[in-house]
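Undergrad: The structure under discussion is supplied below as structure tokens; questions concerning it will follow.
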Amino acid sequence: LPDPEKFTGSTYKFDTWLPSIKAKLRVDSPIIGDEIAQFYYIYLNLDSSVQSIVLL
Numbered sequence: 422l423p424d425p426e427k428f429t430g431s432t433y434k435f436d437t438w439l440p441s442i443k444a445k446l447r448v449d450s451p452i453i454g455d456e457i458a459q460f461y462y463i464y465l466n467l468d469s470s471v472q473s474i475v476l477l
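Residue numbers 422 to 477, in this note's numbering, belong to the letters of the sequence shown in order.
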């Protein structure tokens, strides 16, 4: 599957971003790696403004 668009924090885009990122992990998890690698994959698909909130 293609990489999903980065999540920018807009609530109206979350409803489409979440299923996209879940599908990506379901289909490509063997390629992405273990749970830690999957966390960082999701983290890197967040805009920097959202990344700063996640790691608080």
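Beta carbons are placed, not taken as given, at the ideal position from N, Cα and C, and that holds for glycine.
#1: Measure the Cβ-Cβ separation of LEU422 and ALA458 and say whether it is below 8 Å.
#2: Report the partner residues of LEU467 according to the DSSP bridge assignment.
#3: Can you check whether the CB of VAL471 is closer than 8 Å to the CB of GLY430?
#4: From the DSSP output, in three-state form, read off ASP455 for me.
#5: Taking its Cβ as the centre, do 16 or more other Cβ atoms sit within 10 Å of PHE428, making it buried, or is it exposed?
TA: Straight from the coordinates:
#1: Reading the sequence shown from its first residue, position 1 is the one you call residue 422. Reading the sequence shown from its first residue, position 37 is the one you call residue 458. Taking 8 Å as the Cβ cut-off, LEU422 and ALA458 do not qualify as a contacting pair.
#2: On the sequence shown, position 46 is the one that residue 467 refers to. In DSSP, LEU467 forms a bridge with PHE428.
#3: Taking the first residue of the sequence shown as 1, we reach residue 430 at position 9. Taking the first residue of the sequence shown as 1, we reach residue 471 at position 50. Yes, the pair counts as a contact, with Cβ atoms nearer than the cut-off.
#4: Numbered from 1 along the sequence shown, position 34 holds the residue referred to as residue 455. Here ASP455 sits in coil by DSSP.
#5: As a position in the sequence shown, residue 428 is number 7, starting the count at 1. PHE428 should be labelled buried.
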